[in-house]
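Sequential numbering from 766 applies to the first sequence in the numbering used here.
Built from N, CA and C at the ideal position, the CB exists for glycine as well.
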Amino acid sequence: MKQKLESLLQQAVTVLKTQGILENDFIAQINLERTRDAQHGDFATNLAMLLAKPAKLNPRQLAEKIVAALPADGLVTKVDIAGPGFINFFINPDSQFQVVQQVLDAGSEFGLSNIGAGKRVQVEFVSANPTGPLHVGHGRGAAYGSAVADLLAAAGFQVEREYYVNDAGRQMDILATSVWLRYLEACGEVLPFPSNGYRGEYVRDISANLYKKAGEHYRRTSEQVMADLPADEPQGGDKEKHIDALIERAKSLLGVSQYGEVFQAGLDEILDDIKDDLAEFGVSYQEWFSERSLMDDHSIDQALQRLDTAGFLYIKDGATWFASSRLGDEKDRVVVRDNGQTTYFASDIAYHMNKLDRGFDQIVNIWGADHHGYIPRVKAAMQALGADESKLKVLLVQFAILYRGEEKVQMSTRSGEFVTLRQLRNEVGKDACRFFYVMRKSEQHMDFDLKLATSRSNENPVYYVQYAHARVCSVLRQLDEKGRQRNPQLGMDNLNLLIEEQETALLTTLSKYPEALERAAVNYEPHQLIQYLRELANQFHSYYNAHQFLVDDDKLCNARINLICAIKQVLVNALTLLKINTPEAM
RNA sequence: GCGCUUGUAGCUCAGCUGGAUAGAGCAUCGGCCUUCUAAGCCGAGGGUCGCAGGUUCGAGUCCUGCCAAGCGUGCCA
């Protein structure tokens, strides 16, 4: 319907060109939108106001010429010029009923589009370090990322979802060492736990499992472990130096292979937990990409070599630097430390090179907003590798600020005091979680009151939308209980009986669904779909209260049933896409 | 200090990429269940869109400068 009007306008512009009102090479951007007020018709365009200047006419005069040049079409019953020069279109009322048939014919495919044209897009999201369970901050990234991926898929993109596993680096060594120390405690050794270690209860669980499986295979005495270590922070030392020395001690006492086993035990258990957690949350991935694999297959070396060949590497203070400031970053960045180890950033350069090599048309990274300073250096790296940096789109998710009632909840993985995603899901339920997370724009700071979210009361707006679906189901059950049969064809033949204002509004809203879905997808804004759902549910509830569906008149009854079945279908389509359930009774 | 993000009703947030009289939910107040589920509906009050300029037919939306909050500014990840 919208495309049809746009093409009519485009034809009118062509006519104006032949009349010499517009330059021949002028390219007009058609801007057609839904009107907010029914008095202004169904669609409006500001075309005349935009073209007033190049046409050297005032907007209202130009609008008249455009309207005159507009080809006649059965779809449009009236065209008005209003206000400063808006052109308002009134759609033939008969055509608005078509949407019911369209929805019911298309079923679960109603709303899908092909604007993505099969282009390959990769969406990388969550990618939390496997040093502990996911917390509620990761939950927002998970809900948002999977919604973005699913929206893009609905818009015709070929989507691949990926989780980047940071299974290398210092944080993982700290985890492995923490697991080992708790394991030694389980063996009966008495020794202080480092202030910078991972103190969470889950570390003890991993250690207990390790002890069960391996017995005292990895046991060393506390004297061996603690001999000549630099002091920890509570003893007046430096906690970073202390933990680094402990890591080295673990490696030397255990040897490469045993240390690797302890390390792997921690990694495997945490990663399995994360995978289960996300699966239960309705989030799935095609690929779990290991950072360590980039080292094992020398991708990092290759990436650095390419940067070097391109002339972007230099050595200073014993370290190797990437001259990212030449490509828009605020300063240069170290890629190889003076101790010979590559940095996390070096891994990330190799990782993005790998993504580019896989031939995606578009790469979407979803990061916590605290990583925003990282964007310029990654884009700089892509440019230095000779890639088109506009292929990379970084979307930021603000961390929710947690409150428990009035009190702010502190979050730190290290201290072990955090609310996990699993806890939240258990308390609020998956549906409310997903709805709540995705309800707001991702870059918006959001206050998340756990008391409110876990109160399982009607304040969770997800119930409002689900209730609309349950009510339609209930009506259909009632129909059956009364011993009446649906007659869809009779309903279709009598859709023109749907003349109540609620019915007209609902028909319009149904026809907007494909546009809403498309807009949510191309803008990476799932909250727009939520907005749409709330509007649709609201109009349905109003309709429900204002009119009886199961009326004696068979024609009217079936027409109304067809309408509410179409509503039900759209609710199912959108909620299913968001991985939210559609209960038939509540 | 510099950079990024945010600032809209008492609270939490939308506002369709610059359009017509700025909208929801919660909270407050007043109505609606002998009729398909009241987790619902109808109505009322509530606004200097952080502040000040600018751009134009038109600005919550764009540009500049302030103010405030969050984050970033590691040879951590």
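### Query
Can you pull the DSSP bridge partners for Q923?
In the first sequence, counting from the first residue as 1, residue 923 sits at position 158. According to DSSP, Q923 bridges with R885.
#### Entry: Nonlocal neighbours in the same chain, by C-beta distance under 7 Å from S1180, ignoring five residues either side
Stepping through the first sequence from its first residue, residue 1180 is reached at position 415. Low confidence applies to S1180: its pLDDT is 49, below 50, so where it sits in the model is not reliable, and the reading given next is rough at best. So the list reads R964, once near-sequence residues are dropped.
### Integer Cβ distance of S911 from G806, believed to fall under 8 Å
Position 146 of the first sequence, counted from the start, is the residue given in the question as residue 911. Position 41 of the first sequence, counted from the start, is the residue given in the question as residue 806. Contact flag wrong, Cβ pair sits at about 38 Å.
#### Entry: Delimiting residues of the beta strand (DSSP E) encompassing F854
Your numbering for residue 854 matches position 89 in the first sequence. Counting along the chain, F854 sits inside the beta strand (DSSP E) bounded by residues F851 to I856.
### Query
In whole angstroms, what separates the C-alpha of L1371 from that of E771?
Limits of the chain in this structure are 766 at one end and 1351 at the other, which puts residue 1371 out of reach.
### Query
Which residue comes first and which comes last in the alpha helix (DSSP H) that contains G1133?
Working through the first sequence from its first residue, we reach residue 1133 at position 368. Element bounds for G1133: not the alpha helix (DSSP H) but the beta strand (DSSP E), Q1127 to G1133.
### Task
Could you tell me which residues DSSP puts in a beta bridge with V1193?
Position 428 of the first sequence, counted from the start, is the residue given in the question as residue 1193. In DSSP, V1193 forms no bridge with anything.
### Task
Whole angstroms is fine: what's the gap from R919's alpha carbon to L877's?
Counting from one through the first sequence, the residue named residue 919 turns up at place 154. Counting from one through the first sequence, the residue named residue 877 turns up at place 112. For the sequence presented, residue 919 should be read as Ala rather than Arg. Distance from the CA atom of A919 to the CA atom of L877, rounded to whole angstroms, is 5 Å.
### Query
For L1161, which residues does DSSP report across the bridge?
In the first sequence, the residue the question calls residue 1161 occupies position 396. Bridge partners of L1161: W1132.
### Query
Of all the options A996, L940, L1186 and K1156, which has the alpha carbon lying nearest to the alpha carbon of D1041?
Numbered from 1 along the first sequence, position 276 holds the residue referred to as residue 1041. It is L1186.
### Task
Tell me whether the beta-carbon of A1302 lies closer than 7 Å to the beta-carbon of V1230.
Locating residue 1302 in the first sequence gives position 537, where the first residue counts as 1. Locating residue 1230 in the first sequence gives position 465, where the first residue counts as 1. For the 7 Å CB-CB criterion, A1302 and V1230 form a contact.
### Task
Decide if E1056 is buried, meaning its Cβ has at least 16 other Cβ atoms within 10 Å, or exposed.
In the first sequence, residue 1056 corresponds to position 291, counting from 1. By the 10 Å Cβ count, E1056 comes out buried.
### Query
So E798 is in the alpha helix (DSSP H); what residue range does that whole segment cover?
Position 33 of the first sequence, counted from the start, is the residue given in the question as residue 798. That residue, E798, is in no alpha helix (DSSP H); its beta strand (DSSP E) goes L797 to R799.
### Message
Quick check: what's the CA-CA separation for L1157 versus E1052?
### Response
Start at 1 with the first residue of the first sequence, and residue 1157 comes out as number 392. Start at 1 with the first residue of the first sequence, and residue 1052 comes out as number 287. Going from the Cα of L1157 to the Cα of E1052 covers about 18 Å.
#### Entry: Identified DSSP bridge partners for V864
Taking the first residue of the first sequence as 1, we reach residue 864 at position 99. DSSP output for V864 lists no bridge partner at all.
### Query
Taking the alpha carbon of M991 as the point to measure from, which residue in N974, F958, A973 and E966 has its own alpha carbon closest?
Locating residue 991 in the first sequence gives position 226, counting from the first residue. Ranking N974, F958, A973 and E966 by Cα distance to M991 puts F958 first.
#### Entry: Sequence-distant residues of the same chain with beta carbon closer than 6 Å to T1178, five excluded per side
Numbered from 1 along the first sequence, position 413 holds the residue referred to as residue 1178. Residue placement at T1178 is flagged as unreliable, the pLDDT there being 47, under the threshold of 50; the coordinate-derived value follows with that caveat. Excluding sequence neighbours, T1178 sits near G897.
### Query
Nearest-angstrom Cα distance between R985 and V891?
In the first sequence, residue 985 corresponds to position 220, counting from 1. In the first sequence, residue 891 corresponds to position 126, counting from 1. Cα-Cα distance, rounded: 37 Å.
### Query
Cβ atoms of R926 and Y1050: under 7 Å apart, would you say?
Within the first sequence, numbered from 1, the residue matching residue 1050 stands at position 285. Within the first sequence, numbered from 1, the residue matching residue 926 stands at position 161. Between Y1050 and R926, the gap from beta carbon to beta carbon is short of 7 Å.
### Message
Here's the rule: buried if 16 or more other CB atoms are within 10 angstroms of the residue's CB, otherwise exposed. What is T719?
### Response
Here the chain covers residues 766 to 1351 and nothing more, so residue 719 does not appear.
### Message
Closest to Q1070 by C-alpha separation, out of I1114, S1058 and D1094, would be which residue?
### Response
For this step, residue 1070 is matched to residue 305 along the first sequence. Here the closest residue by C-alpha is I1114.
### Simplified DSSP state of L956, which is helix, strand or coil
Residue numbering aside, residue 956 sits at position 191 when the first sequence is read from its first letter. DSSP places L956 in coil when its eight states are reduced to three.
### Query
What first and last residue would you give for the alpha helix (DSSP H) that runs through L1272?
On the first sequence, residue 1272 is found 507 positions in, with the first residue counted as 1. Residues E1266 to V1287.
### Task
Would you identify the three-state DSSP class for R1142, choosing helix, strand or coil?
Within the first sequence, residue 1142 is the residue found at index 377, counting from 1. Residue state, collapsed to three classes: helix.
### Query
Can you tell which of G1151, E950, C1322 and A1088 has its C-alpha closest to the C-alpha of H1117?
Sequence index remark: in the first sequence, residue 1117 carries index 352 (1-based). The shortest C-alpha to C-alpha distance from H1117 to any of G1151, E950, C1322 and A1088 is the one to G1151.
### Task
State buried or exposed for A1285, treating a residue as buried only when at least 16 other CB atoms are found within 10 Å of its CB.
Sequence index remark: in the first sequence, residue 1285 carries index 520 (1-based). It is buried - the Cβ of A1285 has at least 16 other Cβ atoms within 10 Å.
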